[in-house]
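One structure is given here, and the rest of the page talks about it.
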Amino acid sequence: MRWYLAARRWWLTVVVAVLVVVTAGVLASATVGVPRALSGVDFPLPLSVLAPCLVAWLAQWNMTRGEPDQEAIAVRTPPAYDLALLGVVVFSQIVAAVITMAWVPSAESLMVVRNTMGYIAVGVLVARVVGPVLANLAVMLVPLGCAAFGATVTAAGDREYAWWAWPLHDGSGWTAWVFVAGLGVVASASMLTRRRPGQLRASRIRLLIE
Amino acid sequence: MPPVGVVLRGSWAPWALPVVAIFIAVYAADSPPVDDRYWVSATAAGVLLMIFVAPACAVCAAWDGFRSRRLERAVGIPVRSPIRLMLNVCWPVGLLGLAALGLSLWLYLPPGGTPGGPEPRIVGVFILLLAAHTAVGYVVGRLLPVVMAVPLVAIGSYLLGAMPPAMEPVWLRHIVGTGLDTCCWLDEVPDPAALWAPVLFYGAALVAVVGFALLRPAWRIVAVLPLAVSGVVAVRLVAPMDWTPTQPRPMADASCYDAEPELCIWPEQHRVADDVRVWAAEPLERLDAAGLEYPPELDPLSFDVTGLDPDRVRATVAAHLMPSVVCENGVTDVFFDTEDRVAGWLHLTVGVSDAGVESVIPVDALRQSRAVHEHMAPPEQLNWYRSELDVLSACGFADPAQAADQAAVNTPERDE
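Each protein sequence line maps, in turn, to chains Y and R. Sequential numbering from -13 applies to the first sequence in this note's numbering. Sequential numbering from 18 applies to the second sequence in this note's numbering.
Given below as structure tokens:
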């Protein structure tokens, strides 16, 4: 376990995850203008929607820091460890969110925790298909794409979001939580069922022997 | 230099080009130039598209930086200089940037026969902006793990383009060059300070990257110095500016006709020059009839758009007659209400169509202006106009109760 923790450096992600929650709570009004597709008007995307991407990127970085050859023949299963440590990251954010909400009452902190979970899940799933580098780009495009295609500002100035633009929904909206929970379950299953290179090699060797 | 095919196979630029082209095509339709028949404006409109192109260049360059570092580890210390190495792998990214720039210029191409061509100074700023984003992306790709470098340069590059226009102080938008998106009406040209500031900023970023590549690790902190120095110079350059990156276009560019008042036509309006002279005579005659004259001390009559019609000419004559008041202590709401009423009355007096007036004057103010225009005799209207000008020149700072009474007396209600 010690070698695993030393190689993966999950502590950095935990620290950043906590900082993201605190920063989002304090800078709740900060926004980034995202041009909405086919309307020519910018949508003010809250930084609290964008900042959790940093945690998801770091999580991908953590998971790529292993030595594939050694992990392939390891007795223990690094993907299960990764999943457990991702749980620690999210748990640390929940604790930070509870403390921050007592200090700065706003729903932003809850939103940050939800979006972090969602972005990590998207990163894990996309990484299985195209690798971690493009997965991190895809994670970044989730909030920007939702703002560009799934947000509208009514004539009265109210903001409305498409049902699928879950990162933009309020922390109390259940649709977004269902989305994230679904993504989380699929991503966890994907991590736990992933065949390791060692397993692949062993099956090939068995084929050769037979 | 490595074979072209080898570099292209490893680069992300060929894959990024269609993605960037789609983004440009989608967003170009939403962000038209201020005046689509004025080359300066058509060129500057590409600024908004650069907030997609620059991150794409930075991402591709970060990938190239990672590849060159990986190659060094595999092959050993290279013989060529770090700058040469960068140029060897990053040229497809440069081509990506130039292709995207060319596409954005092509999409905003003014109609045939429009005098002039793409504004070279703005194109130069764009090229420098893309080069700086590419160079910084490459360095970050060499320094950080690629899993982090790629998304970080993508979001950093995007935020650098998208955030400053919405932030205070306003010089931020001029430093990064994104303020140029509001350039320019036909009677405006880019302010040299708004062009020099991004040149200094991005030029210094390039110098910093070169310094970073050439200096020993212990001395690399020195590479940041040019960026800091030029940043200070650039801020001082644009600090006096407001949010517009423009200045008045030199009247030497226009052809002026000897008339009362002097009438000036920009080269882009030559197609309708004869019509404009006829169209401008009519509102001036109406002013005469109302007892007003175009003050000789005012600037020559000129028009800020290429798409002119009689109504637009009348509205411009009315706008020229609006007094320009300097209010050092600020203004009150009375000032704004009065300004709207006066503007409404001037528009009606010179004969602007109902649709034209309604598009620029608030409904309440227009109702009051219309009441004056339709129910008062010309001499009374003139007295009303002069008293309203007094309110404006006092910046609306009369006693509020008095001001309200005055407005009630001066502005008769329409008979319902």
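C-beta: ideal position from N, C-alpha, C; glycine also.
- Membership of Q264 (chain R) in any alpha helix (DSSP H) is not indicated; the residue belongs instead to the beta strand (DSSP E) covering 263 to 265.
- Flagged as an interface residue toward chain R: W43 (chain Y), by a C-beta distance shorter than 8 Å.
- When C-alpha distances from P257 (chain R) are compared across R:W29, R:P209, R:Q286, R:V227, the shortest belongs to R:P209.
- Assigned with DSSP and collapsed to three states, E405 (chain R) falls in helix.
- For Y155 (chain R), no chain Y residue has a Cβ inside 9 Å of its Cβ, as the nearest lies near 15 Å away.
- For P215 (chain R), the uninterrupted alpha helix (DSSP H) run begins and ends at 209 to 231, by DSSP.
- Contact of W47 (chain Y) with chain R by beta-carbon distance below 8 Å involves P162, V164, M165.
- For G114 (chain R) against L147 (chain R), the beta-carbon gap comes to about 4 Å, under 8 Å, which counts as contact.
- Under the three-pair Cβ rule at 8 Å, the stretch 350 to 361 of chain R does not count as touching the stretch 320 to 334 of chain R.
- A394 (chain R) sits in coil when the DSSP states are folded into three classes, being neither helix nor strand.
- Separation of V18 (chain Y) and G413 (chain R) (C-alpha to C-alpha, rounded to the nearest whole angstrom) is 37 Å.
- The C-beta of P182 (chain R) comes closer than 8 Å to at least one C-beta of chain Y.
- Using beta-carbon distances, V110 (chain R) does not count as an interface residue toward chain Y, since no partner is under 8 Å.
- Flagged as an interface residue toward chain Y: V43 (chain R), by a C-beta distance shorter than 8 Å.
- Not one beta carbon of chain R lies nearer than 8 Å to the beta carbon of T138 (chain Y).
- Per DSSP, A137 (chain Y) is one residue of the beta strand (DSSP E) stretching across 137 to 139.
- P118 (chain Y) and Q286 (chain R) have their C-alpha atoms some 55 Å from each other.
- The continuous stretches of beta strand (DSSP E) do not include V367 (chain R), and DSSP gives it neither H nor E.
- V167, P168, L169, A171, I172, Y175, L176, A179, M180, P182, A183: these are the residues of the stretch 167 to 199 of chain R whose beta carbon lies less than 9 Å from some beta carbon of chain Y, given in chain order.
- Given a length threshold of 4 residues, each whole run of the alpha helix (DSSP H) inside the stretch 132 to 168 of chain R is given here in chain order: 137 to 160.
- Around the beta carbon of E205 (chain R), a 10 Å sphere encloses 16 or more other beta carbons of the protein chains shown; the residue is thus reported as buried.
- The way I'd put it, the stretch 123 to 134 of chain Y doesn't touch the stretch 47 to 66 of chain Y; fewer than three beta-carbon pairs between them come closer than 8 Å.
- DSSP places R145 (chain Y) in the strand class (E or B) of the three-state scheme.
- At a cut-off of 8 Å between C-beta atoms, M177 (chain Y) does not count as an interface residue with respect to chain R.
- In this chain, the beta strand (DSSP E) harbouring I282 (chain R) covers 280 to 282.
- In this structure, V7 (chain Y) sits away from A88 (chain Y), with a CB-CB distance that is not shorter than 8 Å.
- Under the rule that a run must span 4 or more residues, the alpha helix (DSSP H) segments found entirely inside the stretch 234 to 318 of chain R read 242 to 255, 290 to 306.
- Spatial neighbours of P153 (chain Y) in its own chain (CB-CB distance under 7 Å, excluding positions within 5 residues in sequence) are listed in chain order as V35, N101, G104, V128, P129, C132.
- With respect to chain Y, the C-beta atom of D354 (chain R) has no partner C-beta closer than 8 Å.
- Using a C-beta cut-off of 8 Å, the stretch 245 to 260 of chain R makes no contact with the stretch 164 to 177 of chain R, since fewer than three inter-stretch Cβ pairs fall below that distance.
- If you ignore the 5 residues before and after P19 (chain R), its C-beta comes within less than 7 Å of the C-beta of N105, all in its own chain and listed in chain order.
- Contact with chain R is absent for P38 (chain Y), since none of that chain's Cβ atoms lies less than 8 Å from the residue's Cβ.
- C-alpha of P132 (chain R) to C-alpha of M103 (chain R): approximately 40 Å in a straight line.
- Among the CB atoms of chain R, one or more fall inside 8 Å of the CB of M126 (chain Y).
- For D52 (chain R), not one C-beta of chain Y is nearer than 8 Å to its own C-beta.
- Beta bridge pairing from DSSP links V18 (chain Y) with Y:L31.
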